[in-house]
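These notes concern the structure reproduced below.
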Amino acid sequence: MAKKITLKISGMHCASCAANIENALKKEAGVKSANINFASEKLYLEFDEIETSIARIQKIIEKLGYKAAEETAEEEMSDHHKEAKIQEIKNLRTRFIIALIFGIPLLYVSMGMMIGLHIPEIIDKNQHLIQFLLTTPVIIVAFKLYASGLKAILRRAPNMDSLIFIGTSAAYIYSLAISLFIWFGVGEYKMAELYYEIAAFILIFILLGKYLEAITKRKTSEAIKKLIGLQPKEATIIKNNEETKILISEVKVGDIILVKPGEKIPVDGIVIDGYSGVDEKAITGESIPVEKKKGDEVIGATINKTGVLKFKATRVGKDTMLAQIIKIVEEAMGSKAPIQLLVDKVSLYFVPTVVVIAILSFVIWLALGQSFAFALMAFIAVLIIACPCALGLATPTAVMMGTGLAAKNGILIKSGKALEIARDVNIVIFDKTGTLTKGEPNVTDIIKVKNEVSENSILQIAASVEKNSEHPLAQAIVNKAKEERVNFSEVKNFQAIPGYGVSADLENKKILFGTRKLITDNQINPSLVEEKMIALEDQGKTAMILAQDKNIIGIIAVADTLKDYSKEAVKMLHKMGKKVAIITGDNKRVGQAIAKLVGIDRVLAEVLPQEKSAEIKKLQSEGNIVAMVGDGINDAPALAQADLGIALGSGTDVAMETGEIVLIKDDLRDVITAIDLSKYTLDKIKQNLFWAFFYNILGIPVAAGILYPFTGWLLNPAIAAAAMAFSSVSVVSSALLMKRYKSKTI
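Position in the sequence shown counted from 1, then plus 458, gives you the numbering used here.
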């Protein structure tokens, strides 16, 4: 049985660490998928519980030198990692400051004379000892990097720390050997041949880079922190007519909860008493407070603004909409865009390749007659400048920011893959009922065909049959009958025929109510009412024929009103260069009338629910990248077949499985925002990857000394370390600038 879990991974220092863990887990029997988000330090795992276990997976990770702890739903909702992150940042800051305290005098001792500073003779004569004493504490402060790098080498899975370990150890050990030769008077070595400051300042810059990276990485997950922070801590329940405050974790389904003006609604529920305006902006992105009265749904973590509400809890804990949103956003942040697969492959082979290039640089310079110290500097510079951190951070930080921005706008993007596909969509298909229209149709016309059967009788017969149906059109007819205070009759042998209509027996007569196809399939000729049907359909109304014992006795027409902003959404999609289609079970005339009203290009009419996916497949075979927008219930197969399924949450079950994107509120302009935000995020990913790759492609040859024959200049390893550290920070900072995004629909 497949199980999905999230593990918190500690001890990772670069993209190759993440790639090594993923690679090891994918070899394990039973592991279906393993995706690590390096930026959030989480592993999103799907595995078969029969073939493997969490304990075995944790052991595999621990053998690689990392720690893995399972994250429960309660821990996710409480943001329990916040303190650990703050502590880690403090620890890195302390280590950097200590290293810098020793590094500044080291810089003075080793390079002061070069820039004209006076160095006392006693210090100058004992430079080998003083530099050793100032560098060693820096090595000790950065010892975690050494331990991690050495372990990774021994496990034959070198990472970023391995490069730092090899490079700084080489400089430190070489300098220590020179110090001993000077101390014991062996050979004619000079103080200028000491490279302690190289080892020390590489580590100082690495620690600074890690400190800044930790701060900026923490900012990229602010969307999740804000969502978690929305949840109130307590709820007021009414028991035995008394108000009692309890912890939100103690609220049970069925509890009666009281919410006063200004308080947050603790969990999801249905109003049983009271009237108020509720600010749902934090969840749905809707800026105007929503009116709530008896029978209306309320969402946990929204704010009660004006009146007092009493409601019954229907979803608590991990089942609330807020918990589901957090789960979807978390999973999206942990998913990988297809473009990331290239980066993962590069990261896996990157470090070993860099080590080979560094060794080749060392050997070639020695062979060309350069000194050992010169070759060593080239060797160290290549190792240090080539760190793959920027590559590892480029995609996940942008995905985290993009999905977080979307959640803030009431859009749940469920995967990195959806981000990438959305940009390439060239045709958007809207389901009609419940998507383009409100799905709350009203009866507009009741037309009698025979004088002996009154309009009231037609409504009474149709409503008696349709009261057994769940279809929105059926509800419209039943509601009309209730308004007119029509009495319902008992029917027998009721049968719903999806896409066609209904049949039943009423007072020993066979009743058929539905489309022309239903009528003709039962050997009844609809030509008698064809003219009237066409006239109604040309007005965009859905006309249904009522037949009794092979005789047509009447027509009932129903019209659904368009949703707010339907026209605007279609117009904006056209501006973006997208084609727009409508898919409906109604006949072509009704479809065309709605399409004309909204401005849609293509009509797919008389399509049964089970045929919708086949229609989408047909469009895909024409070379289209198709996005399907539906209500996520009867549209499930079509949403799954489309390249991009966009499901309307409509304020109900947000965690619906259908659709890669869920729009929490019923604003079709969010389709445009979702597509535009996806394009914006992918552009940012590509920009980040370009600079990360460009930095390494340019940096490695320069570090290896390619410019030396032309300019006489060799890159100092300490400068390489600074450049490497700030490349990671720049990539994360670039992702943080995504906060400036403005929706095209605003």
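For every residue, glycine included, the Cβ atom is placed at its ideal position computed from N, Cα and C.
Asked: Ordered along the chain, which non-local residues of its own chain (more than five positions away) have a Cβ less than 8 Å from that of residue 665?; Found: 550, 553, 554, 557, 599, 600
Asked: Count the other C-beta atoms from every protein chain shown that fall within 10 angstroms of the C-beta of residue 1170, then say buried if there are 16 or more, exposed otherwise.; Found: exposed
Asked: Out of 693, 711, 747, 727, which has the shortest C-alpha to C-alpha gap to residue 721?; Found: 693
Asked: Please go through the segment 952-1034 and give each complete beta strand (DSSP E) segment of 3 or more residues, from N-terminal end onward.; Found: 959-964, 967-972, 1000-1006, 1009-1017
Asked: To which residues of the same chain is residue 1132 closer than 6 Å at the C-beta, ignoring the five residues directly before and after it?; Found: 869, 1119
Asked: Any chance you could list the beta strand (DSSP E) runs of at least 3 consecutive residues sitting entirely within the segment 688-742, in chain order?; Found: 692-697, 700-705, 714-717, 726-732, 734-737
Asked: Short of 8 Å in beta carbon distance, which residues of its chain neighbour residue 581, apart from the five on each side in sequence? Order them along the chain.; Found: 567, 588
Asked: Hey, residue 888 and residue 926 are a contact pair by Cβ (cut 8 Å); roughly how many whole angstroms apart?; Found: That pair is no contact at about 29 Å.
Asked: Below 8 Å between beta carbons: does that hold for residue 1146 and residue 852?; Found: yes
Asked: Drop a sphere of 10 angstroms on the beta-carbon of residue 545, count the other beta-carbons inside from all chains shown, and report buried for 16 or more, exposed for fewer.; Found: exposed
Asked: Return the Cβ separation of residue 864 and residue 1135 in integer angstroms, given the expectation that the two are a contact with Cβ distance under 8 Å.; Found: 6 Å
Asked: With 16 other CB atoms within 10 Å as the buried threshold, where does residue 1109 fall?; Found: Residue placement at residue 1109 is flagged as unreliable, the pLDDT there being 36, under the threshold of 50; the coordinate-derived value follows with that caveat. Burial call: buried.
Asked: Would you decide whether residue 643 is buried or exposed? Buried here means 16 or more other CB atoms lie within 10 Å of its CB.; Found: exposed
Asked: Relative to the C-alpha of residue 1019, which residue among 1009, 998, 1037, 1010 is closest?; Found: 998
Asked: Please specify which runs of the alpha helix (DSSP H), each continuous and at least 4 residues long, are wholly inside the segment 803-866, giving them in chain order.; Found: 830-843, 847-866
Asked: Near residue 651, which residues of its chain fall below 7 Å by C-beta distance, leaving aside the five closest residues on each side in sequence?; Found: 636, 831
Asked: Would you identify the three-state DSSP class for residue 557, choosing helix, strand or coil?; Found: helix
Asked: Could you give the distance in angstroms between the alpha-carbon of residue 632 and the alpha-carbon of residue 834?; Found: 9 Å
Asked: Relative to the alpha-carbon of residue 1004, which residue among 1124, 961, 955 has its alpha-carbon at the smallest distance?; Found: 961
Asked: I need the DSSP call for residue 1274, collapsed to helix, strand or coil.; Found: This structure does not reach residue 1274, given that the chain is present from 459 up to 1204, and the question cannot be answered.
Asked: With H, G and I counted as helix, E and B as strand and the rest as coil, what does DSSP make of residue 1219?; Found: Nothing can be reported for residue 1219: it is not among the residues displayed for the chain, which extend from 459 to 1204.
Asked: Using a Cβ-Cβ cutoff of less than 7 Å, which residues in the same chain neighbour residue 1117 once the five nearest sequence positions on both sides are dropped?; Found: 1090, 1097, 1103, 1104, 1105
Asked: Whole-angstrom Cβ separation of residue 934 and residue 956, contact assumed at under 8 Å?; Found: In fact, because the Cβ distance is near 18 Å, the residues do not count as touching under 8 Å.
Asked: Do you know offhand how far residue 1194's Cα is from residue 774's?; Found: 33 Å
Asked: What does the Cβ neighbour count give for residue 605, buried or exposed, with the cut at 16 atoms within 10 Å?; Found: exposed
Asked: With a cut-off of 8 Å, do at least 3 Cβ pairs link the segment 976-987 to the segment 873-880?; Found: no
Asked: Flag this pair as touching only if the segment 1025-1044 and the segment 1002-1016 have three or more C-beta atom pairs under 8 Å; answer yes or no.; Found: no
Asked: Contact check, residue 1179 vs residue 769 under 8 Å by CB: the rounded distance?; Found: Wrong, their Cβ atoms sit about 59 Å apart, outside the cutoff.
Asked: If you follow the alpha helix (DSSP H) that residue 1127 is part of, which residue opens it and which one closes it?; Found: 1127-1162
Asked: For a test of your reading of the model: does the CB of residue 1045 fall under 7 Å from any non-hydrogen atom of the ligand HEM? Yes or no.; Found: No copy of the ligand HEM occurs in the structure displayed, which carries no ligand at all.
Asked: Output the boundary residues of the beta strand (DSSP E) element that contains residue 1088.; Found: 1084-1088
Asked: Is it right to say residue 804 is buried, meaning 16 or more other beta carbons lie within 10 angstroms of its own, or is it exposed?; Found: buried
Asked: Please state the DSSP three-state secondary structure of residue 1251.; Found: For residue 1251 there is no data in the structure shown, the boundaries of the chain being 459 and 1204.
Asked: When the Cα of residue 764 is compared with those of 657, 777, 750, which residue comes out closest?; Found: 750
Asked: Using CA atoms only, rank isn't needed, just tell me which of 1199, 1123, 1121 is closest to residue 1141.; Found: 1199
Asked: Going by other Cβ atoms of all chains shown within 10 Å of its Cβ, with 16 needed for buried, is residue 708 buried or exposed?; Found: exposed
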